[in-house]
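Notes follow the structure.
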Amino acid sequence: MTRLLAERIVSVGLIIAGGIVFLLTRDWPGRSDAFPDFASVGTMVLASGMLVRTFMARDIERLKGSVKTDFSYQAWKPFYIIIIGIFYSISVIYIGFYVSSFIFYFIVTYMVGLRNHKAIFLTAAILFPVLYGFFTLALDAYLPEGILF
């Protein structure tokens, strides 16, 4: 498969996935669909730009050649993070949004190779209160509460 065709398939797939997420969140109570709607529309806009770009001469030249398959951890890391993200999405329902997000944050920062513990904990100390303030206080969004809170 050529890199150009792969780029087009991925962009069309992202547009379809974004549309599905957008449609699935229509019936959510209150403003709990705000973030998924924003994320899905943003994904569709960026993927549309990615698709349009594949028809421009400069990118047609850049994407010449075949797709190279690499089975190293570095190459598969995005896939592993997506799998962890799927488990995160499921755990939000059972454990709760804030606890799942806290756990997910530390797992993913470790997976991507960040090892500066001071920066990681400082970011967490700022990120999670901001998340709480944004979703709970500003948007009045319903966030799933699980076993803990």
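166 is the number of the first residue of the sequence shown in the working numbering; add one for each residue after it. Virtual Cβ for every residue (Gly too), placed ideally from N, Cα, C.
When the alpha-carbon of I246 is set against those of V264, G230, T190, F271, the nearest one is in F271. A distance of 9 Å or more separates the beta carbons of M209 and K242.
Under DSSP, G261 shares a beta bridge with E310. One thing to note: R191 has its Cβ no nearer than 9 Å to the Cβ of S231. T208: member of the alpha helix (DSSP H) spanning 199-218, first to last residue. Each of F244, P194, Y307 was checked against the Cα of G261, and the nearest Cα belongs to Y307. Annotation: V217 to I180 spans about 12 Å, alpha carbon to alpha carbon.
Straight-line measurement puts the Cα of G195 at about 13 Å from the Cα of L302. Under the DSSP definition of a beta bridge, S231 partners with T167. About 7 Å separates the CB atoms of G183 and A212; that is less than 8 Å, so the two are in contact. Setting aside the 5 residues that flank it on each side, G311 is surrounded in the same chain by Y259, I260, G261, each with a C-beta closer than 6 Å to its C-beta; the list follows chain order. Between the C-alpha atoms of R227 and F244 there is a straight-line separation of about 24 Å.
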